[in-house]
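Heads up, the final residue of the sequence shown is numbered 90 in numbering that gives the first Met the number 0, and it's a clean run with no missing numbers.
Just so it is clear, CB atoms sit at the ideal spot from N, CA and C, and this is done for glycine as well.
Just so you know, these numbers come straight off a predicted model, no measurement behind them.
Take a look at the structure set out below.
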Amino acid sequence: MTERRARTVLTVDEVSAFEDAQPDPAGGRPELAAEFLAARHARDDAERRIERAVLTARREGVPWSAIGVLLGTTGQAAHQRYRRLEAAQQR
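Structure below.
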């Protein structure tokens, strides 16, 4: 079974009420908020690329220890973080 994430559907009014209740973390500076949003998108894209690379490496028999080195971490840390990808593909 693949991993499923629950999604909550909110109305426009609910989102607006939530936003109105929250302090503006960017302090009224939309350029700062835009920079963070762009960085988050870049991080998400990078994570997807890493996941594809890990899956390719594992399919080709690359050990977790080598993947860890390539990611700048240990093999154990790489295995703990990305083993779900390999398990999901085997199902």
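Evaluate residue i with the Cβ neighbour count: other Cβ atoms within 10 Å of its Cβ, from every protein chain shown; 16 or more gives buried, anything less gives exposed.
i: alanine 41; result: exposed
i: methionine 0; result: Low local confidence applies: a pLDDT of 46 at methionine 0 is under 50, so the model's placement there is unreliable, with the coordinate-based value given in what follows. Burial call: exposed.
Assign residue i to one of three DSSP states: helix, strand, or coil.
i: leucine 9; result: coil
i: valine 14; result: helix
i: alanine 76; result: helix
i: arginine 83; result: helix
What residue range is occupied by the uninterrupted alpha helix (DSSP H) comprising residue i?
i: glutamate 34; result: 29-58
i: glycine 26; result: Unbroken run through glycine 26: none, as it is neither H nor E.
i: valine 61; result: No alpha helix (DSSP H) holds valine 61; DSSP gives it neither H nor E.
Here's a check: name, in chain order, each residue in its chain whose Cβ is nearer than 8 Å to the Cβ of residue i, leaving out the five neighbours to either side.
i: valine 11; result: none
Which same chain residues, not among the five before or five after residue i, have their C-beta less than 6 Å away from its C-beta?
i: alanine 25; result: Leu31, Ala32
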